[in-house]
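Student: Numbering (the UniProt record's numbering), first residue to last: 1 to 174.
1. I think residue 88 touches residue 73, with their Cβ atoms under 8 angstroms apart; what is that distance to the nearest whole Å?
2. What residue range is occupied by the uninterrupted alpha helix (DSSP H) comprising residue 112?
3. Out of 51, 163, 160 and 149, which has the shortest C-alpha to C-alpha gap to residue 34?
4. Whose CA, out of 115, 120 and 160, lies closest to the CA of residue 30?
5. Can you tell which of 11, 60 and 22 has its C-alpha closest to the C-alpha of residue 107?
6. Would you kindly work out how many angstroms separate the C-alpha atoms of residue 117 and residue 161, rounded to a whole number?
7. Buried or exposed for residue 131, please, with buried defined as at least 16 other CB atoms from any protein chain shown within 10 angstroms of its CB.
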């Protein structure tokens, strides 16, 4: 594809990115950087509705695993005499071991989704000062919105490609 023919796709992405940033300003339960990460996961998992639903499931599971890490880490820190340098690494190791086992569970086998969802949760949970009631809804709403943006991206790109096919065929014939 020549660069000039690719410009509309870049324009579509630019508009969607701007809309996402606008939503960040206007919607309390949405965080743009989390939405962007989720949007990317849509493409990493096949660019389909089925793949997008799996991303959402894996993000939910990643958030649950993250809460498990935090709570287990706190418990183990207390168990190890207040030594978080032992408690949290042990918690992360145990939960990571369990997460990897989900590679054998078809509905939850998109392990990168677990890890990206967990990373976004840890990042936003810090902003939310550890308040799960604040961070969990933002992460999950942002994930769903990211999947919708992925779907819209593919739909618009497909529509643009179909609309430009007759032009490409005419140019090739001349």
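Backbone N, C-alpha and C fix where the C-beta goes; we use that ideal spot for every residue, glycine too.
Tutor: In brief:
1. Locating residue 88 in the chain shown gives position 88, where the first residue counts as 1. Locating residue 73 in the chain shown gives position 73, where the first residue counts as 1. That belief holds up - the Cβ atoms of residue 88 and residue 73 are roughly 4 angstroms apart, short of 8 angstroms.
2. Position 112 of the chain shown holds residue 112. Looking at the DSSP string, the run of the alpha helix (DSSP H) that includes residue 112 is 111-127.
3. The residue labelled residue 34 in the question sits at position 34 within the chain shown. Cα-wise, what sits closest to residue 34 is 149.
4. Position 30 of the chain shown holds residue 30. Closest by alpha carbon: 120.
5. For the purposes of this step, residue 107 is taken as the residue at position 107 of the chain shown. For the residues 11, 60 and 22, the minimum Cα distance to residue 107 belongs to 60.
6. In the chain shown, the residue the question calls residue 117 occupies position 117. In the chain shown, the residue the question calls residue 161 occupies position 161. The alpha-carbon atoms of residue 117 and residue 161 are separated by roughly 32 angstroms.
7. On the chain shown, residue 131 is found 131 positions in, with the first residue counted as 1. Residue 131 comes out exposed.
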